[in-house]
Amino acid sequence: MLTEARVADRRPTIAPRPTTRASLGAVLEDAPVVFDLAALEVFYGSFRAVRGVTMKIQKQQITAFIGPSGCGKSTVLRAFNRMHDVTPGARVAGQLRYHGIDLYGPEVSATEVRRRIGMVFQKPNPFPKIIYDNIAFGPRVNGVKGKTALDAIVETSLRAAALWDEVKDRLGDSALGLSGGQQQRLCIARTIAVEPEVVLMDEPCSALDPIATARIEELMRELKS
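Residue numbers are given in our numbering: position 7 of the sequence shown equals residue 9, and the series is strictly consecutive.
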């Protein structure tokens, strides 16, 4: 997957394309290219962590970034959903378009970008809430209120992450009481509960056993189809 980055002062070197939040929602679902990167660079202060990344990522594909530790995999990955915006001194230069839209355009909402482009980190980061609320949190924020609908989303998401059978009888327990591997699968379930258009995964199976890893690999194949 990927490994480090940040954003801030300088906008991409290309002229920003005029966009609106509405235009981000009106992406062309049949577009063959989802992400288009050209001369992408990421800086931490004056340090250039990534230079000149140019590539295209096609729709309904599983794309893996492979390289040695510290080469910038996570840095590039975090640029896709503007995670560097919250890192002091970080900035992104170059071009990063999503369905033709400049993700770093001045009128594009970073919150909306992250809703559509979800991310699972290498280290599990469950909310300090009960298991049920970890999954239901995102759908509630997006307007899902009915208990029946939320129950269905929670079960479907936990099943997809191969966690339902292990936690179905203790959904009211704290998520912090789960094992590391269970917490990671919970975070994956939490991510897919809001049905993002893209899921970024930064070494999501590094803490999982072979059986759970195989289930996550199966889930990735299901999501891309």
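Note that the Cβ used here is the ideal one computed from N, Cα and C, for glycine as well.
This structure is a prediction, so every number in the text was calculated from the model and none was measured.
Simplified DSSP state of residue i, which is helix, strand or coil
i: D175; result: coil
i: I132; result: strand
i: K58; result: strand
i: I68; result: coil
i: L42; result: strand
i: F139; result: helix
i: R217; result: helix
i: T169; result: Before going further, note that residue 169 is Val rather than Thr in the sequence given. In this structure, V169 counts as helix in the three-state DSSP scheme.
i: L180; result: coil
i: R93; result: strand
i: L210; result: coil
i: A84; result: A small correction: the amino acid at residue 84 is Arg; Ala does not occupy that position in the sequence shown. Here R84 sits in coil by DSSP.
i: V35; result: strand
i: V201; result: strand
i: A163; result: coil
i: V156; result: helix
8 angstroms contact criterion, which residue i and residue j should meet: CB distance rounded
i: E199; j: I119; result: 7 angstroms
i: F67; j: K75; result: 4 angstroms
i: I218; j: L210; result: 7 angstroms
i: A81; j: Y46; result: Not quite, the Cβ-Cβ distance comes to about 12 angstroms (not below 8 angstroms), so this is no contact.
Residue closest to residue i, alpha-carbon to alpha-carbon, out of the options
i: R187; options: G174, L152, F123 and I155; result: F123
i: A41; options: P34, V35 and T56; result: T56
i: Q97; options: F37, T65 and H86; result: F37
i: L39; options: A95, L178 and C189; result: A95
i: Q63; options: V201, V146, S76 and I190; result: V201
i: A163; options: T150, A214, S208 and D153; result: A214
i: F129; options: Q185, G69, F45 and D87; result: Q185
i: V169; options: A191, T150, R142 and M85; result: A191
i: C207; options: D171, G182 and V88; result: G182
i: A195; options: G148, N144, E205 and D204; result: N144
i: H86; options: G72, D153 and A112; result: A112
i: G102; options: L79, Y46 and K61; result: K61
i: V44; options: G140, D204, A216 and L79; result: L79
i: C189; options: S227, G148 and G140; result: G140
i: E205; options: V35, T77 and Y46; result: T77
i: R99; options: G69, V115, A92 and G91; result: V115
i: I137; options: W166, V156 and T150; result: V156
Check: residue i C-beta below 8 angstroms from any heavy atom of the ligand ADP
i: G140; result: As far as ligands go, the structure on display features none, and thus does not contain the ligand ADP.
Could you say if the region 38-52 and the region 104-112 meet the contact criterion of at least three C-beta pairs nearer than 8 angstroms? No: fewer than three Cβ pairs fall under 8 angstroms.
Hey, which unbroken runs of the beta strand (DSSP E) at 3 residues or more fall wholly within the region 95-123? 119-122
Quick one: any contact between the region 167-184 and the region 128-142, if contact means 3 or more CB pairs under 8 angstroms? yes
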